[in-house]
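Beneath this line is the structure, given in C-alpha cells, with notes to follow.
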Amino acid sequence: MQKRERYSGGTHPLFATCLIAMALSACRAQVKANAKVNASEAEIGNDRKWEVPEAQSPPSEGPPAAAPQPTPRAAAAIAAAQAPPSGVQFLGVVHDLSLAAGAPRAAVCRCLAVAYGAPSDGKFTWQAGPPAGDHDTIAIAIAADGVACPSGTPPLRASISAIEHEGTNIVLVVENVGVGRPIMRGALAASPGPSGAIVVRTRHDTAYPAASGPEPCRIALK
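In this text, residue positions in the sequence shown follow the numbering used here: the first is 1, and each later residue adds one.
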C-alpha cells in the first residue's frame, strides 16, 4: 500500500516561497517609486532655488494718491500771452535812479535841476543798471545839490513823491523832505510825445516855481 504524506501543521514550502518572492518584488517596486518621487522633488527644489521672491509692497496708510493731471495747454498759452514781450515792466517813482555826477545841473525850477531822456542815457546813474525799455518810456531825474540857488534860501532836500499824467503832460510832484527821510530822485514814465511836457508841482498841488520867476516850472519835451 502506498503511503500518503500529510502535513498536519505549518505552511507548504512551495507556497511560502511564492509569498516571499511576491513580498520582495513589492518592496523593490515601492523603493523605485519612492526614489522617483524623491528625485522629482529634488529637481523641483533645484529649479526653484533660482527664483527671486517678489517684494512685498508695504501697506498704504491712506488712500492712493491721485495721478498728477497734465497742465492744460490753453492755460499755459494764456499765461504766456499775458507776459509783455519787452519794455519796462514798472512805471512810477524808482529808488535807484539819480542824475549822474557829471551831468549838467542847470536850475530849471527854483533851486532844482530836472533831466529826462531814455533810461540808458549817460546822464543817469542806476544802482542796479538801467531797466530794459523802449522808445515809449522816459526816465526823469531831479537834483538839488550843486544847483545854483538864490542866496538865503535854505538847503533843499527835494524828493519825488508821485508822478501822474494830465492830458499830454507828465506831472512830477516834488516835496522838501526832512532830515532822516529817504530821498527819491528818479521816476519812469510813459512818454506823452513831442507835444507833451513835464510839469512840476508841490505836494499840496500848487505850482512849483520856475528858476526864472514865479511862473510854474514846465519843461517842454523835444
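Think of the CB as a built atom: it goes at the ideal place given N, C-alpha and C, for glycine as much as any other residue.
Using the C-alpha atoms, what's the distance from residue j back to residue i?
| i | j | result |
| --- | --- | --- |
| W126 | R157 | 20 Å |
| M184 | S98 | 8 Å |
| T206 | D136 | 28 Å |
| C109 | A144 | 10 Å |
| G167 | A128 | 32 Å |
| E237 | V200 | Given a span of 1 to 222 for the chain in the structure shown, any question on residue 237 remains unanswerable. |
| D96 | G122 | 15 Å |
| P130 | A211 | 29 Å |
| C217 | G152 | 21 Å |
| P209 | F124 | 24 Å |
| C149 | H165 | 28 Å |
| C111 | R105 | 10 Å |
Is it buried or exposed for residue i, if we count other Cβ within 10 angstroms and need 16 for buried?
| i | result |
| --- | --- |
| S195 | exposed |
| G186 | buried |
| A132 | exposed |
| F90 | exposed |
| G213 | exposed |
| I219 | buried |
| W50 | Confidence at W50 is low in this model, with a pLDDT of 46, below 50, so the placement of that residue should be treated as unreliable; the coordinate-derived value is given next. Burial call: exposed. |
| I44 | Only weak support exists for where I44 lies, its pLDDT of 48 falling under 50; the value from the coordinates is given anyway. I44 should be labelled exposed. |
Inspect the beta-carbon positions of residue i and residue j and report whether they are closer than 8 Å.
| i | j | result |
| --- | --- | --- |
| I170 | A189 | yes |
| V179 | T202 | no |
| P155 | A139 | no |
| A197 | L172 | no |
| A103 | A115 | yes |
| V93 | A162 | yes |
Our contact map puts residue i next to residue j with C-beta atoms below 8 Å; I'd like the distance itself, whole angstroms only.
| i | j | result |
| --- | --- | --- |
| V147 | A101 | Wrong, their Cβ atoms sit about 13 Å apart, outside the cutoff. |
Can you tell which of the options has the C-alpha that lies nearest to the C-alpha of residue i?
| i | options | result |
| --- | --- | --- |
| S159 | A139, G152, P182 and G167 | P182 |
| H204 | S191, A211 and N176 | N176 |
| G117 | S191, R105, G152 and Y208 | S191 |
Taking 8 Å as the CB-CB limit, is residue i close to chain C?
| i | result |
| --- | --- |
| S98 | Among the protein chains of the structure shown there is no chain C, as only one such chain exists. |
Examine the ligand COA and report whether any of its heavy atoms sits within less than 7 Å of the Cβ of residue i.
| i | result |
| --- | --- |
| G152 | Absence of the ligand COA is noted for the structure shown, with no ligands found whatsoever. |
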